[in-house]
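Chains as they are written, first to last, in this note's numbering: chain H, 280 to 639; chain V, 280 to 639.
The beta-carbon is built from N, C-alpha and C at its ideal position, and this holds for glycine as well.
Everything on this sheet refers to the single structure shown next.
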DNA sequence: GCCATATCTTTGATCGTTATCATATAACAC
DNA sequence: GTGTTATATGATAACGATCAAAGATATGGC
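What follows is the structure, given as structure tokens:
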């Protein structure tokens, strides 16, 4: 590997001059020298040493990305169909902006903190971080942070939340289900922190609009971890007879449960309806195609990166808590229960209008 | 951020002594000094600066991972269900071995080379790299390389291929199809370099065993890129009437085509059978469940990382070209065509034994 | 007291790059 | 010729960690 010093020696000039040419500070260097240096740069295909650069400057040009959340059958979060799309968008945007990406998926927050400090990363994108972990990171790491799918406390500074209108998403989905006659709705969440909590609020509000009250026993938490997965699905299978629809907080779980249940003789949506969240490719491929809430993960990833880089470059950030729009996507996984009649104006079915009566 | 020098000054000792304690060279340091230093290390939660480390030592503790291949609807390769599982396994193994991962998904090989040189990464894992690009990388980058799903030329040194028994996989799958009476088999590949080529050889050999000859018109290449996707699927839909089965080189494409086709009235497997490759979660979730070739991506990722680290640490590598075992997984996406009878001994159907007659 | 050995500690150079400051040269005005 | 400015270039010291080699101190033998 050729260095600046090598080239300076070859041309009989100082390293400063070579460095200036590399950085385009050509106003300080004579035209003749610029040409000599540029010729050599091309000839040897000079590549700067970024370790040396980040040592003298305060910035490393590295953006750290941490993922935490749902795991697949290999205990692997990157394989999650939603996270992987988001991650891909983040990676390509980071690269095209001239930065480098380092990924951490560890559950060990101390390890994450050590990693970001040891490389002095310029900024951090945290996916699905929990509140306590976020506070821990903030206490040690002072550079800008962008959150995605996380609970965003107002009392901490120098970060931005790039979120969705989660509340509205769950609200509209719940309304859709009520509209189609569903009253026994199970709400399936990964945990009760972060976005799932916000979605649950939307769910409650929609129920309230129909004069119904959310019952905590209808809030089903999917236990994470590979070992518990089978047990969790079996338990949900047992509980499913109490409901007409499973409203899931991710397409991933909806699809997984749909295949598990249909293997056990449950007809979908005749016996049990399903809805998801995210609108990943999967939800279009499975049959019945999944009714879900669409977001644009590619756009979201790009926005997260560009916001972070703005913060790194100390530009003004207009919004502290961005809420990207969502869209209800109706497909075939929700049955219309005519016994309850129709509750929506645009629905073509005519029926009774016993609005607001719980069925239990 | 506290540095070694800060701590040395605080204790009135030299940086060398502090450095020795950090590296566990306690034989050279008095017990008393060790205790003093360790107390300070804990108190300030010292984290070394890796840029400075990689500057003095030849190693950066970074492993580069490059992905190239199938893209999803967002032109995103990380979202590919197979690559993402592999990537997740690679990430967690790299991390648990004390290394750091940097990802590159760019199609621009010059950019990739600049990136790995600028960080002086200790080793490289290349997924789905094409031959010419590999040669280019090799000409500039001299550290160890591990290939996954790539064509592995014998005349280049200092790399290991962590592959599958791709030929056997395609061979067994083709035999299975022939066994079930299929004669009009389309072979769908992403490209004709790398693993798909090797799989095609297995396919040809299986056909030959039945006295059949592979026809190049039955080799269908799926055009990559988002823009061409729809056109490519439509073209395949048009061609599908010539075949009884689509033998795909990935579950991803099989699942995608199955949903596209069934939306257009094709009954699967009655009208057209499908097979995949990889056995990703998707293939268990879709209906009909996909007959495919199983590999263990988590194991493969771990093996790739551990092999690379062995090479970095200059240990002996036993094998140059590892071929991990595969397994045929028969599910519901392949119809048995009784008109042709059975060709296998273990098949319970009795029928004619016109072994080796092509049907066209 | 002298030397040898073992144990502990420091000095100073190094990695590749960048920033600050100083210096050299040239051009021009008076 | 002197002073002023502009332009071009160089010397040097960081950045934080590591390492080889040299120096310092303690211990023991005779």
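State the Cα-Cα distance for the pair residue 623/H and residue 580/V, rounded to the nearest angstrom. Because residue 623/H sits at a pLDDT of 42, beneath the cut-off of 50, its placement in the model cannot be relied upon, and the point is left open.
By a C-beta neighbour count over all protein chains shown, 10 Å radius and 16 as the cutoff for buried, is residue 576/H buried or exposed? Residue 576/H is buried by the Cβ-count criterion.
Quick check: residue 280/H and residue 341/H, are their CB atoms within less than 8 Å of each other? No, the pair does not count as a contact, with Cβ atoms beyond the cut-off.
Expressed to the nearest angstrom, what Euclidean distance is found between the alpha-carbon atoms of residue 287/V and residue 308/V? The alpha-carbon atoms of residue 287/V and residue 308/V are separated by roughly 14 Å.
Would you report the Cα separation of residue 585/V and residue 514/H, rounded to the nearest angstrom? Each residue's Cα considered, the two are about 38 Å apart.
At what residues does the beta strand (DSSP E) containing residue 438/H begin and finish? Per DSSP, residue 438/H belongs to the beta strand (DSSP E) from 438-443.
Residue environment, residue 423/V, which counts as buried when at least 16 other CB atoms sit within 10 Å: In this structure residue 423/V is buried. Its beta-carbon is surrounded by 16 or more other beta-carbon atoms within 10 angstroms.
Residue 331/H versus chain V: which residues are under 7 Å apart at the beta carbon? For residue 331/H, the chain V residues whose Cβ falls inside 7 Å of its Cβ are 334, in order along the chain.
Could you check whether residue 297/V and residue 305/V sit closer than 8 Å to each other, using their CB atoms as the reference points? Between residue 305/V and residue 297/V, the C-beta gap is not smaller than 8 Å, which leaves the two residues out of contact.
Three or more C-beta pairs below 8 Å linking the segment 526-546 of chain V and the segment 464-474 of chain V: Verdict: yes, contact present.
My guess is that residue 523/V and residue 551/V are in contact by the Cβ rule of under 8 Å, so how many angstroms apart are they, rounded? Rounded, the Cβ-Cβ distance is 7 Å, consistent with contact.
Please classify residue 532/H as buried or exposed, where buried requires at least 16 neighbouring CB atoms within 10 angstroms. With 16 or more other Cβ atoms within 10 Å, it is buried.
Is the shortest distance between the beta-carbon of residue 282/V and the beta-carbons of chain H less than 8 Å? The beta carbon of residue 282/V sits no closer than 8 Å to any beta carbon of chain H.
Same chain only: Cβ atoms within 6 Å of residue 610/H, ignoring 5 sequence neighbours per side: Excluding residues within five positions, the ones whose Cβ falls inside 6 Å are 568, 569, 570.
Measure the alpha-carbon distance for residue 331/V versus residue 334/H and round it to whole angstroms. In this structure, the CA atom of residue 331/V is about 6 Å from the CA atom of residue 334/H.
Beta-carbon proximity check, residue 328/H vs residue 399/V, cutoff 8 Å: Contact: yes.
Identity of the residues DSSP links to residue 606/H by a beta bridge: In DSSP, residue 606/H forms a bridge with 573/H.
By the 8 Å beta-carbon criterion, what residues does the segment 281-303 of chain H contribute toward chain V? Taking 8 Å as the cut-off between beta carbons, none of the residues of the segment 281-303 of chain H comes near chain V.
Best match in 420/V, 449/V, 439/V for proximity to residue 608/V [C-alpha to C-alpha]: Measuring C-alpha to C-alpha distances from residue 608/V to each of 420/V, 449/V, 439/V identifies 449/V as the nearest.
Exposed unless 16 or more other CB atoms sit within 10 angstroms - verdict on residue 351/V: Around the beta carbon of residue 351/V, 16 or more other beta carbons lie within 10 angstroms, which makes this residue buried.
For the structure I just gave you, are there three or more beta carbon pairs, one from the segment 540-548 of chain H and one from the segment 473-490 of chain H, closer than 8 Å? Result no; under three Cβ-Cβ pairs closer than 8 Å.
Using DSSP with H/G/I as helix, E/B as strand and the rest coil, what is residue 280/H? Look at residue 280/H here: in three-state DSSP terms it is coil, with no helix or strand label.
How about residue 574/V and residue 600/V: do their beta carbons lie closer than 8 Å? Contact: no.
Short Cβ contact (8 Å threshold) for residue 388/H with residue 416/H: Taking 8 Å as the cut-off, the Cβ atoms of residue 388/H and residue 416/H count as close.
Ignoring anything shorter than 4 residues or poking outside the segment 297-348 of chain V, list the alpha helix (DSSP H) runs there in chain order. You should have 310-323, 329-335.
Where residue 289/H and residue 386/V are concerned, what is the direct C-alpha to C-alpha distance, given to the nearest angstrom? About 34 Å.
For residue 557/V: DSSP bridge partner residues: Partner residues in the beta bridge of residue 557/V, as assigned by DSSP, are 573/V.
Per the DSSP calculation, residue 383/H is bridged to which residue(s)? 345/H.
Nearest chain V C-beta to residue 398/H closer than 8 Å, yes or no? Interface residue (Cβ-Cβ distance to chain V less than 8 Å): residue 398/H is classified as such.
Taking 7 Å as the cut-off, is the beta-carbon of residue 325/V closer than that to any non-hydrogen atom of the ligand SAM? The ligand SAM is absent from the structure shown, which contains no ligand whatsoever.
Using a C-beta to C-beta distance shorter than 8 Å, which residues of chain H count as neighbours of residue 367/V? Close partners of residue 367/V in chain H (Cβ separation under 8 Å): 351, 353, 355, 356, 357, 358, 384.
Per-residue DSSP class, three states only, for residue 289/H: Residue 289/H falls in the helix class under three-state DSSP.
Please identify, using Cβ separations under 8 Å, the residues of the segment 497-513 of chain V that lie next to chain H, in order along the chain. Answer set for the segment 497-513 of chain V: empty.
Quick check: the Cα distance between residue 401/H and residue 326/H, rounded to an integer number of angstroms? Residue 326/H has its alpha-carbon roughly 21 Å from the corresponding atom of residue 401/H.
Applying the criterion that 16 or more other CB atoms from any shown protein chain within 10 Å of the CB defines a buried residue, is residue 355/V buried or exposed? Burial call: buried.
Ordered along the chain, which non-local residues of its own chain (more than five positions away) have a Cβ less than 7 Å from that of residue 493/H? Counting only Cβ-Cβ distances below 7 Å, and skipping sequence neighbours, we find 482, 483, 486.
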